[in-house]
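Everything on this sheet refers to the single structure shown next.
Numbering (our numbering), first residue to last: -15 to 606.
The following block contains the structure:
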């Protein structure tokens, strides 16, 4: 009887537990907004609790040279815990095919194979997952800097085509010796390679190129049914230069009001007030041109207020999902509030301080949702608004692009914006033994039409180092306007005196037989573009048997970074495992290189306040 009673009691308990789980499940899933349903499985779920390592200042972190198997496994367990509980993009990227489980399993398997391992090797393996993620806010910091921002950019061909009445796409401009004017673009899936640009009324003209995350030096395209290897190069917009006397100013050219706004920082309050007020002053204009180039963002209140002053209704749709977990709460609990801490951050610190004790006792990962939506498109501004955009338009700069869709006649020109808005509000964590710092966003933001690392696409693509001149000519006399490539890209670089070159005495010495193949393959010349902007060239001149390296780093111009002259410098370097690290004599600047399995090369350039990534490819032997 006792056995029967105990059995019945056990069944009863099991049923109650099942009922509770079922109720919780039914309560969780319906509360997820439809737009997030693919990326978030539960509103709330229990998670383990792990005590975090207190974050010291980054300049006070000293990483050990090596790790034991136990130390590495403990770091991997913490890494896994943080990925699963504290990264707002975890399920999002799982849905996109990123296999976090396989990555963690591989890390653990590798760590168990050796009683001792180099910390640098652990760092390289732990951060390898970032190559599969496209997130402008996530980053890992150790001996190097590792980010997941991979901007999708157009690489052009110096070829212009026009769609004829016959339906053919005929070449009307070319600086390529293999492709003559009059040739017909016969490539299949033409839309992939054609980018609409400014043209006379009634005509459709296109720049020819490739839109890609991975820098390309050439592409096979068909002209007159002949497949040709066509060189590719970066957008000439990277050579556009503006001498800005202030963050905001308004001037008129040919009677057209032109606004230049370089950012939306709270610190530039005087200029922001002027920008917002210009919406009132210009609301009766027939045409307004806004140059947004290199606008890295700030507070969205300024572009929103400008548009409200100009047009009344503002179209903006944004969906927020905010993650809370014990690790996130502990980060804010330990956050050092100072004089420069913003009110918003102070609020978060206070909020999480109240939540932490409960999250410690009942550790839970949970989401809260919000949205900001105004789909009205009719407003009072009846004129035309033209926005000039490039890849350095980010965050609140992109807010102006998205929200301005509320205007009846808004046109964007230039290239796609940066696309850095889908993940935000990062928290910093440090692994206990390797001391690797993880910066993980806690918000997932979905904005229709805006894709991370892709941004907003322009209505008209431009490929010129003087976009303002081209736009004004088109506006002044559209019937007479015709874009042409007047010179090749190489000729333009020479004319502007911005050519990236190695010194004349550059000499590549073939590595000796005592140099391991894994190191010898670094020998030679390499080329890429830092963050897709600054030309970056490397010449590895000599590699000795003990891993010492003599190399040359050469750079081009990046006006948007304030680098106005090309140059080069010789550096000493050495190998850390499979990674080549060059260090400036003052020790402040380091440039690291690592060859990938496909033969290309990853590089991180790091000095105080500046971190940039480059993918390089080997230059063919001269």
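Ideal Cβ positions, reconstructed from N, Cα and C, are used throughout, including at glycine.
Tell me residue i's beta-bridge partners as DSSP assigns them.
| i | result |
| --- | --- |
| residue 148 | According to DSSP, residue 148 bridges with nothing at all. |
| residue 607 | Summary: the structure shown does not reach residue 607, with the chain confined to residues -15 through 606, and so no result is reported for it. |
| residue 281 | None, per the DSSP bridge assignment. |
| residue 597 | 588 |
| residue 20 | Bridge partners of residue 20: none, in fact. |
| residue 237 | 240 |
| residue 534 | 526, 556 |
| residue 519 | 513 |
| residue 29 | 349 |
| residue 247 | In the DSSP output, where bridge partners are listed per residue, residue 247 has none listed. |
| residue 130 | 124 |
| residue 357 | 301 |
| residue 407 | 428 |
| residue 470 | Bridge partners of residue 470: none, in fact. |
| residue 50 | 102 |
| residue 434 | 431 |
| residue 143 | 158 |
Comparing alpha-carbon positions, which option in the options lies nearest residue i?
| i | options | result |
| --- | --- | --- |
| residue 461 | 604, 542, 238, 339 | 238 |
| residue 343 | 15, 22, 24, 31 | 31 |
| residue 439 | 398, 588, 127, 95 | 398 |
| residue 178 | 451, 147, 357 | 147 |
| residue 192 | 138, 223, 161, 583 | 138 |
| residue 598 | 562, 268, 539, 551 | 539 |
| residue 151 | 294, 187, 24 | 187 |
| residue 88 | 79, 99, 113 | 113 |
| residue 371 | 220, 154, 585, 400 | 400 |
| residue 337 | 498, 269, 310 | 310 |
| residue 407 | 510, 61, 419, 435 | 435 |
| residue 281 | 220, 290, 321, 382 | 382 |
| residue 432 | 64, 368, 302, 91 | 302 |
| residue 84 | 111, 559, 534, 320 | 111 |
| residue 578 | 492, 453, 567, 600 | 600 |
| residue 356 | 299, 334, 374 | 299 |
| residue 474 | 220, 96, 437 | 220 |
| residue 580 | 211, 132, 108 | 108 |
| residue 189 | 250, 157, 378 | 157 |
| residue 674 | 145, 596, 217 | What is shown of the chain runs -15 to 606, which leaves residue 674 out entirely. |
| residue 269 | 232, 185, 364, 97 | 364 |
| residue 502 | 476, 553, 530, 492 | 530 |
| residue 195 | 472, 140, 172, 477 | 140 |
How far does the beta strand (DSSP E) with residue i in it reach, from first residue to last?
| i | result |
| --- | --- |
| residue 502 | Unbroken run through residue 502 is the alpha helix (DSSP H), 501 to 504; no beta strand (DSSP E). |
| residue 257 | Where residue 257 is concerned, there is no enclosing beta strand (DSSP E), although the alpha helix (DSSP H) it sits in stretches over 253 to 265. |
| residue 427 | 421 to 430 |
| residue 120 | 119 to 125 |
| residue 303 | 300 to 308 |
| residue 565 | 563 to 567 |
| residue 273 | 271 to 275 |
| residue 371 | 368 to 373 |
Quick one: give me the first and last residue of the alpha helix (DSSP H) that residue i is part of.
| i | result |
| --- | --- |
| residue 99 | Looking at the DSSP string, residue 99 is not in any alpha helix (DSSP H), and its letter there is neither H nor E. |
| residue 79 | 74 to 79 |
| residue 135 | Residue 135 -> no alpha helix (DSSP H), and no H or E assigned at all. |
| residue 454 | 451 to 460 |
| residue 383 | 380 to 387 |
| residue 394 | First-last for residue 394: 394 to 398, but that is the beta strand (DSSP E), not the alpha helix (DSSP H). |
| residue 334 | 327 to 345 |
| residue 63 | 53 to 70 |
| residue 473 | 473 to 480 |
Could you check whether the Cβ of residue i sits closer than 8 Å to any Cβ belonging to chain D?
| i | result |
| --- | --- |
| residue 35 | Structure shown: chain D not included; a single protein chain is present. |
Confirm the yes/no value for this check: CB of residue i, any heavy atom of the ligand GDP, distance under 7 Å.
| i | result |
| --- | --- |
| residue 463 | The model on display carries no ligand, and the ligand GDP is accordingly not part of it. |
message: Check whether the stretch 267 to 283 and the stretch 304 to 320 are in contact - that is, three or more C-beta pairs closer than 8 Å.
response: Counting Cβ pairs under 8 Å, fewer than three are found: no touch.
field: Three-pair Cβ contact test at 8 Å for the stretch 414 to 426 versus the stretch 112 to 131
entry: yes
task: Starting from the N-terminal side, write out each stretch of the beta strand (DSSP E) that is 3 residues or longer and does not extend beyond the stretch 145 to 227.
output: Within the stretch 145 to 227, the complete beta strand (DSSP E) runs of at least 3 residues are 153 to 158, 178 to 181, 189 to 196, 202 to 207, 210 to 215.
- request: Count the C-beta pairs between the stretch 198 to 209 and the stretch 436 to 445 that are closer than 8 Å, then say yes if the count reaches three, no if not.
  value: no
message: Assess contact between the stretch 230 to 248 and the stretch 461 to 480, defined as three or more Cβ pairs (one per stretch) separated by less than 8 Å. Is contact present?
response: no
field: Stretch pair the stretch 299 to 312 + the stretch 69 to 80: three plus CB contacts closer than 8 Å
entry: yes
message: Does the contact criterion of 3 or more C-beta pairs under 8 Å hold for the stretch 408 to 421 versus the stretch 385 to 397?
response: no
message: Is it the case that the stretch 255 to 263 contacts the stretch 330 to 350, given that we only count it when at least three CB pairs across the two stretches are under 8 Å?
response: no
message: Could you check whether the stretch 165 to 184 touches the stretch 244 to 256, counting it as contact only if at least three pairs of C-beta atoms, one from each stretch, sit closer than 8 Å?
response: no
message: With three or more beta-carbon pairs closer than 8 Å as the criterion, would you say the stretch 511 to 526 touches the stretch 478 to 495?
response: yes
message: Under 8 Å, with one C-beta from each stretch per pair, do the stretch 557 to 565 and the stretch 86 to 105 reach the 3-pair mark?
response: Contact check between the stretch 557 to 565 and the stretch 86 to 105: three or more CB pairs, one atom from each, fall below 8 Å, which counts as touching.
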